[in-house]
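A.B. asks: Going by this note's numbering, 28 is the number at position 24 of the sequence shown; the sequence numbering is gapless. No residue lacks a Cβ here, since even glycine has one placed at the ideal position from N, Cα and C. In this text the structure is predicted, and so the values were computed from the model without any measurement.
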Amino acid sequence: MQKDNQVFDLIQKEHERQLNGLELIASENFASPQVMEAAGSVLTNKYAEGLPGKRYYAGCEFVDQIENLAIDRIKELFGATWANVQPHSGAQANAAVMLATLNAGDKILGFDLSHGGHLTHGSAVNFSGKLYQPSFYGVEKETGTIDMDKVADTAKKEMPKLIICGASAYSRDWDYESFRAIADEVGALLLADISHPSGLIARGLLNDPLEYCHIVTTTTHKTLRGPRGGLIMLRDDFENPFGLKTPKGVVRKMSSLLDSGVFPGTQGGPLEHVIAAKAVAFGEALSDKYMDYVLQVQKNAQAMATSLVNRGFDVISQGTDNHLMLIDLRSKDITGKDAENALIKADITVNKNMVPFDDKSPFVTSGIRVGTAAITTRGLVESDMDRIVEYIDKVIANHENETVINSVRSEINEWMKGYPLFK
Ligand code: DSN
């Protein structure tokens, strides 16, 4: 068969883009060659609706074993007793949880998107804000951190059935114990969406959400460094507290409700090639090498935050506990959009991001979000962070000066030649 050069040439160009630049998008990472090999395997040909051992199609003996490996490994990694590894993404995992635990019109309480939350935690433009009644907690203007007393006040006022903790752009660790106390007080279920810091949580560098949260969801491609995807976990199974019954009047365990929430609730056939890649990534995440990796991710983030603060950048909450940080650029007199555009011309990839109490639209924004998961996979260490921040500072200060931007880009391209991916 003739190779489709039109597509493969573009894939090659994307590969070169990834190699040449500094990848600072906090939700991205570089999956290993064996993760990508599994994701690109013959498993893409197989239909396997259902669960291992309980499929609606024949010929599932090997995908059953693969899916069970993925489940066993993720349970070991997080100390979970149950997991569903089929969600195609974090958004799908959250959709399955909500379908399994709520009725349309029920109240949910999440972290405000404009303060660092996620679309699927109740945004008006997302299913979670359209099907359910959302309310939100946020961060304090002075500290950039969440005030748990205010979360409790909002919860008591709104009486949600589901409280969601977790974020896309929050650099501090979460007080899951206090969230659980609030959830218990108002009779809500507590969901932690740990999509961003899950790799650091898996290896004990941050608080353990499974100890306190009824349900935990995550993506698999951020700090966890697997293929694009999602999953749901439970530390302890429990009976659905709202007494929702099946059409036959049976009250089901949460694990069974969540399985149904994924399939047939929100998805059809699982992507067994991606599940195989998840199994490979979870195996990698159990290794000593991965432990060294996540430790370095955290050290790099802290070094980068310190360097940014030292250069006069307004880092929300003045630092980070995890792999990312949010920078309010209003003091630098540039929008998030203009900063993103200037930085990409220098082959520094970041994303513009709303900052708490932003006065600009989500398309413009006042900030950028940066993370260290990808550059750490690349091999960079704390002593490299100041150099990166120096480049960011230079580009932002000269964002209309093509000569300066081009010279930064050449330096970065040359620098990155010394850090081939997966050498
Ligand atoms: N797009 C992801 C992120 O960048 O955090 C969240 O969906």
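1. State yes or no: is the beta carbon of Ile29 nearer than 8 angstroms to at least one beta carbon in chain B?
2. Starting from Asn410, trace the alpha helix (DSSP H) both ways and give me its first and last residue.
3. With a threshold of 7 angstroms, establish whether the CB of His122 neighbours any heavy atom of the ligand DSN.
4. Going by C-alpha to C-alpha distance, which of Gly234, Ala156, Phe183 and Phe66 sits closest to Pro213?
5. Specify the secondary structure class of Ala87 as computed by DSSP and reduced to three states.
6. Nearest to Tyr423 by alpha carbon, out of Gln90, Asn24, Ala187 and Tyr60?
7. Report the CB separation of Glu71 from Ile279 in whole angstroms; it is logged as a contact under 8 angstroms.
8. Buried or exposed: Tyr395, going by 16 or more other Cβ atoms within 10 Å of its Cβ?
9. Nearer than 7 angstroms: is that true of the beta carbon of Ser202 relative to any heavy atom of the ligand DSN?
10. Check whether the region 227-237 and the region 267-286 are in contact - that is, three or more C-beta pairs closer than 8 angstroms.
11. Between which two residues does the alpha helix (DSSP H) carrying Val313 extend?
12. Between Thr270 and Ala100, how many whole angstroms is the CB-CB distance? I'm expecting something under 8 angstroms.
13. Lys165: buried (16+ other C-beta within 10 angstroms of its C-beta) or exposed?
14. Whose CA, out of Gln322, Gly126, Asp76 and Asn304, lies closest to the CA of Met102?
15. Is the closest heavy atom of the ligand DSN to the C-beta of Ser31 under 7 angstroms?
16. What do you get for Glu344, buried or exposed, if any count of 16 or more other CB atoms within 10 angstroms of its CB means buried?
17. Apply the 10 Å Cβ neighbour rule to Leu81 and answer buried if 16 or more other Cβ atoms are within range, or exposed otherwise.
18. DSSP beta-bridge partners for Gly234?
19. Please name the residue in Lys303, Asp397 and His277 whose C-alpha comes closest to that of Phe317.
20. In its own chain, which residues sit with a C-beta less than 7 angstroms from the C-beta of Ala87, not counting the 5 before and 5 after it?
21. Is the beta carbon of Thr380 less than 8 angstroms from the beta carbon of Tyr294?
22. Do you know how far the Cα of Thr339 is from the Cα of Thr407?
23. May I ask you to report which of helix, strand or coil DSSP gives Leu81?
24. Within a Cβ cutoff of 8 angstroms, which residues of the same chain sit near Lys421, ignoring the five residues on either side of it in sequence?
25. Applying the 10 Å Cβ sphere with the 16-neighbour rule, what's the burial state of Arg207?
26. Please go through the same chain and pick out, in chain order, the residues whose beta-carbon is closer than 8 angstroms to the beta-carbon of Leu204, but skip the five residues on each side of it.
27. Along the chain, where does the alpha helix (DSSP H) that runs through Met102 open and close?
28. Grab the span of the beta strand (DSSP E) containing Ser139 for me, first residue to last.
29. Taking all protein chains shown into account, do 16 or more other C-beta atoms lie within 10 angstroms of the C-beta of Thr48, making it buried, or fewer, making it exposed?
30. At a threshold of 7 angstroms, does Tyr172 count as lining the ligand DSN (C-beta to nearest heavy atom)?
31. Take Gly44 and list the residues in its own chain whose beta-carbon comes closer than 8 angstroms to its own, dropping the five residues that flank it on each side.
32. Between Gly94 and the ligand DSN, is the CB less than 7 angstroms from at least one heavy atom?
33. Taking C-alpha atoms, which residue in Pro268, Asp337 and Ser199 lies nearest to Thr124?
34. Between His122 and the rest of its own chain, which residues show a CB-CB distance below 6 angstroms, the 5 nearest in sequence each way excluded?
35. Give me the residue from Ile29, Lys58, Ala42 and Ala35 with the minimum Cα distance to Ser2.
36. On the three-state DSSP scale, how would you describe Val129?
C.D. replies: This is what the structure holds:
1. Annotation note: the requested chain B is absent from the structure, which comprises a single protein chain.
2. That run of the alpha helix (DSSP H) goes Glu406 to Met420.
3. Yes, since a heavy atom of the ligand DSN falls inside the 7 angstroms radius drawn around the Cβ of His122.
4. Per the C-alpha coordinates, the member of Gly234, Ala156, Phe183 and Phe66 positioned closest to Pro213 is Phe183.
5. It is a strand residue.
6. When only C-alpha atoms are compared, the closest one is Asn24.
7. Their Cβ separation, rounded to whole angstroms, is 5 angstroms, which keeps Glu71 and Ile279 in contact under 8 angstroms.
8. With 16 or more other Cβ atoms within 10 Å, it is buried.
9. Because no heavy atom of the ligand DSN lies under 7 angstroms away, the Cβ of Ser202 does not count as near it: no.
10. Two segments are said to touch when three or more pairs of C-beta atoms, one from each, lie closer than 8 angstroms; by this definition the region 227-237 touches the region 267-286.
11. Here the alpha helix (DSSP H) through Val313 covers Asp292 to Asn314.
12. Confirmed, about 5 angstroms.
13. Label assigned to Lys165: buried.
14. Here the closest residue by C-alpha is Gly126.
15. It does: the Cβ of Ser31 is within 7 angstroms (strictly closer) of some heavy atom of the ligand DSN.
16. By the 16-neighbour rule on beta-carbons within 10 angstroms, Glu344 is buried.
17. It is buried - the Cβ of Leu81 has at least 16 other Cβ atoms within 10 Å.
18. Checking the DSSP bridge columns, you'll see Gly234 partnered with Thr223.
19. When only C-alpha atoms are compared, the closest one is Asp397.
20. Correct list, in chain order: Ile75, Ile78, Lys79, Leu235, Ile236 and Met237.
21. No, these two residues do not count as a Cβ contact at 8 angstroms.
22. If I take the Cα positions, the gap works out to 21 angstroms.
23. Of the three classes helix, strand and coil, the one that applies to Leu81 here is helix, per DSSP.
24. Excluding positions up to five away in sequence, the list is empty.
25. Around the beta carbon of Arg207, a 10 Å sphere encloses 16 or more other beta carbons of the protein chains shown; the residue is thus reported as buried.
26. Excluding positions up to five away in sequence, the list reads Leu210, Thr227, Val298, Val301, Gln302, Asn326 and His327.
27. That run of the alpha helix (DSSP H) goes Gly94 to Thr105.
28. For Ser139, the enclosing beta strand (DSSP E) begins and ends at Gln137 to Tyr141.
29. The residue is exposed, with fewer than 16 neighbouring Cβ atoms inside 10 Å.
30. A small correction: the amino acid at residue 172 is Ser; Tyr does not occupy that position in the sequence shown. Result yes, Cβ under 7 angstroms from the ligand DSN.
31. Excluding sequence neighbours, Gly44 sits near His277.
32. Within the cutoff, so yes.
33. Per the Cα distances, Ser199.
34. Once the five neighbours on either side are set aside, the close Cβ partners of His122 are Ser172.
35. The chain is shown from 5 up to 427; residue 2 falls before or after that span and cannot be answered.
36. Secondary structure at Val129: coil, using DSSP grouped into helix, strand and coil.
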